[in-house]
Structures are given as structure tokens and as C-alpha cells.
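K.L.:
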Amino acid sequence: MTRAPALFVGHGSPMNAIEDSEFARGWSAVAKSFPKPRAIVVVSAHWVTDGVRVMSNARPRTIHDFGRSFPQALFDVQYPAPGDPALARDITQRLTAYGAQLDESWGLDHGAWSILAHMYPDADIPVLQ
């Protein structure tokens, strides 16, 4: 298995998802500087769990986990990237010592999709959290 480098990307304001900003352009440029990944694993501070969980949805939903004070255009954003249940099982097995469990209760929160919408706008790469 070829491993890509780990990359930290902070999303800042959720509005960056729908605005043309230096951040959005930067995320796009970063994505273009790497080979296209087979899958993306996101560690998001917005998914609070009791223990280690790995999202195993084949079709994760887009979660709009922010207050109603944002414009409707932000709530209208969908990021329909597929999941990868087989990869989720593999990751969970590798994290057995930490009590990792598969979980289908979540989806892609704005900590993931607000950035990925600029990095990989076609939403054609499997994403896990």
C-alpha cells in the first residue's frame, strides 16, 4: 500500500465552503500538488464520540452542523463523496488496541466537506471520518 503524506487543513469559517477566498484557492492548489488519493481519512473535531469510531457508511450524508445564523446557501451544499466500508474495516482492525468500532451514525460534517469541496470538487474520492 502506498501511503500519502498526512496533511492538516483547518477549515476556518464554514463560509469558506461557498466563498471565493484565499483559503479556498489555497486548498485547491494544495490538492493539485499531490497525486489524486485513493481515499481520504478525515479526523474531525466536529464528530464527538464515546471512544474511537470509524465511519463505515457506503454513502455518507452531508451534515450541516452549524448554527442557523448562516445563509441558506451553506445549508444547500451537498458533498456526495462515497465512503469505503472495506477501508473502514481495515482501519478499525488496525486500531483494535484502542477499542475502535465501525459507526454508520455520522456522515461528512463541515470540518470535512467545507474543505474537500474545494480540494476535490467532483466528490469522487471515498472519504472516511
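FYI, in the numbering used here the residues of the sequence shown are 344 to 472. Here a beta-carbon is modelled for each residue, glycine too, at the ideal position from N, C-alpha and C. Since this is a predicted model, take the numbers as computed values, not measurements.
#1: Quick one: what's got a C-beta closer than 7 Å to Y441's C-beta in the same chain, skipping five residues either side?
#2: Can you tell which of H461, D465 and R404 has its C-alpha closest to the C-alpha of A372?
#3: D427: which of L471, D363, A360 and R346 sits nearest, CA to CA?
#4: Go ahead and label V405 buried or exposed: buried means 16 or more other beta carbons lie within 10 angstroms of its beta carbon, across all protein chains shown.
#5: Would you mind stating whether L445 and A431 have Cβ atoms separated by less than 7 Å?
#6: To the nearest angstrom, report how far apart F351 and F409 are at their CA atoms.
#7: Spatial neighbours of P357 within its chain, please: CB distance less than 7 Å, with the 5 preceding and 5 following residues excluded, ordered by chain position.
#8: I need the straight-line Cα distance from L438 to V397, nearest angstrom please.
#9: Please name the residue or residues paired with V373 in a DSSP beta bridge.
#10: Please list the segments of the alpha helix (DSSP H) lying wholly inside the segment 410–455, counting only runs of 4 or more residues, in order along the chain.
#11: In or out: F377 buried (at least 16 other Cβ within 10 Å) or exposed?
P.N.:
Straight from the coordinates:
#1: V395
#2: Of all alpha-carbon atoms in H461, D465 and R404, the one lying nearest the alpha-carbon of A372 is that of H461.
#3: Nearest option by C-alpha distance: L471.
#4: In the sequence as displayed, the identity of residue 405 is Thr instead of Val. By the neighbour-count rule (16 or more Cβ atoms within 10 Å), T405 is buried.
#5: yes
#6: Each residue's alpha carbon lies about 21 Å from the other.
#7: The beta carbon of P357 is closer than 7 Å to those of F409, F413, L417, H453 and S457 in its chain, skipping five residues each way along the sequence.
#8: So the alpha carbons of these two residues sit roughly 10 Å apart.
#9: Paired residue(s): none; V373 is not in a bridge.
#10: Runs of the alpha helix (DSSP H) inside the segment 410–455: 415–418 and 428–437.
#11: exposed
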